[in-house]
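A short worksheet on the structure shown next.
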Amino acid sequence: MAAAQTLYFHGLPGSAAELAGFGPEIAAQAAGFHVAARGGNFARLAEAIAARLPDGPLHLVGFSLGAHAALRVAPLLGERVARIDLVSPAAPLQLGDFLSGMAGAPVFRAALAGAVPFAALTVAQAQVARLAPERMAAALMAKARGADRDLAADPRFIASLAQSLRHSLLDSRAAYAAEIRAYVADWRDDLARVPQPVSIWQGREDDWTPPAMAEALAAALPQRPQVALIDGLSHFSTLRHYLARLPA
Numbered sequence: 003m004a005a006a007q008t009l010y011f012h013g014l015p016g017s018a019a020e021l022a023g024f025g026p027e028i029a030a031q032a033a034g035f036h037v038a039a040r041g042g043n044f045a046r047l048a049e050a051i052a053a054r055l056p057d058g059p060l061h062l063v064g065f066s067l068g069a070h071a072a073l074r075v076a077p078l079l080g081e082r083v084a085r086i087d088l089v090s091p092a093a094p095l096q097l098g099d100f101l102s103g104m105a106g107a108p109v110f111r112a113a114l115a116g117a118v119p120f121a122a123l124t125v126a127q128a129q130v131a132r133l134a135p136e137r138m139a140a141a142l143m144a145k146a147r148g149a150d151r152d153l154a155a156d157p158r159f160i161a162s163l164a165q166s167l168r169h170s171l172l173d174s175r176a177a178y179a180a181e182i183r184a185y186v187a188d189w190r191d192d193l194a195r196v197p198q199p200v201s202i203w204q205g206r207e208d209d210w211t212p213p214a215m216a217e218a219l220a221a222a223l224p225q226r227p228q229v230a231l232i233d234g235l236s237h238f239s240t241l242r243h244y245l246a247r248l249p250a
């Protein structure tokens with residue numbers, strides 16, 4: 003059987019730069035990943051993936067809000083998906099009372115409030131990302147917890163995060179906004195359509211996607227996955243942990 007091709011679904015804001023922000027060794031581990039371009043329309047995304055990678059099994063890796071995209075597209079790709087790995091996954095907000103424990107809550111609350119407040123927020127974010135992306139990245143990490151504190155002090159990581167902010171908020175703002183709107187909508191029923199085996203990596207110190215969210219997601223999937231709860235890790239440090247342990 004052919005080896006599975008890995009499709010990576012980055013966070014939001016996010017980009018392929020996530021795979022390079024932890025240094026050359028980890029970047030080399032992920033060098034063969036195919037990064038899925040997104041836009042909130044998962045049927046089109048599945049068609050694009052099938053056209054780009056027409057043959058062989060697929061391994062989906064979803065980080066943060068990328069977990070939402072991976073889980074929405076997996077049923078559309080069907081039996082080609084051999085497995086799904088979710089790292090610091092963002093589950094449906096309707097599975098529990100999570101917003102108060104999420105660092106990105108203002109974005110999700112604006113999206114839930116309607117098109118006008120969300121558009122105003124994204125325009126403001128874009129202006130900051132255009133003028134001072136590194137400062138914006140540093141501000142996002144100012145209250146980092148666990149091992150994310152080390153990343154907050156790493157100029158290489160901050161530069162990669164700034165690149166991701168520019169990508170989502172400037173280069174791909176429409177796609178970013180469309181997927182955020184799709185995420186905050188109630189997509190719980192879609193979880194029942196994910197038959198593929200799922201594994202979850204979750205940091206116990208995560209305040210972007212809290213551990214309770216990963217546990218609720220695991221309970222809602224048809225095949226309950228094992229959740230690896232990792233002491234001392236937060237959001238991005240869990241991604242670093244996962245990537246560092248990929249097979250060579």
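Under the working numbering, residue 250 is the last one in the sequence shown; the count climbs by one each step, no gaps. No residue lacks a Cβ here, since even glycine has one placed at the ideal position from N, Cα and C.
In the same chain as P77, and ignoring 5 residues on each side of it, the C-beta atoms closer than 8 Å to its own belong to D192, R195, V196 and P197, in chain order.
In the DSSP secondary-structure assignment, G34 is not bridged to any residue. Contact between S17 and H169 is confirmed by a C-beta separation of about 4 Å, below the 8 Å threshold. Taking 8 Å as the cut-off, the beta carbon of Y10 is found closer than this to the beta carbon of A38. Linking L55 to L114 through their CA atoms gives a straight-line distance of about 35 Å. Assigned with DSSP and collapsed to three states, D150 falls in helix.
The beta carbons of F24 and L245 sit closer together than 8 Å.
At the C-beta level, I51 and R242 stay beyond 8 Å of one another. C-alpha of F120 to C-alpha of A112: approximately 5 Å in a straight line. Burial of S162 is indicated by the presence of at least 16 other C-beta atoms within 10 angstroms of its C-beta.
An exposed status is given to R247, since fewer than 16 other beta-carbon atoms sit within 10 Å of its beta-carbon. Within 10 angstroms of the beta-carbon of L153 lie 16 or more other beta-carbons, which makes it buried. A direct Cα-to-Cα measurement between S236 and D150 gives close to 6 Å. Taken through DSSP and simplified to helix, strand or coil, G80 comes out as helix.
Pairing V83 with W203 gives a Cβ-Cβ distance that is not under 8 Å. With respect to M104, W210 sits close: the two C-beta atoms are nearer than 8 Å.
In this structure, DSSP gives L88 an extended state, which the three-state scheme calls strand. In the three-state reduction of the DSSP assignment, A164 falls in the helix class, which pools H, G and I. Residue state for S201 is assigned as strand, using DSSP reduced to three classes.
Annotation for F65: no alpha helix (DSSP H) segment contains it, though the beta strand (DSSP E) segment containing it runs L60 to F65. Here R40 is buried, its C-beta having at least 16 other C-beta atoms within 10 Å.
Under the three-state reduction of DSSP, V229 is assigned to strand.
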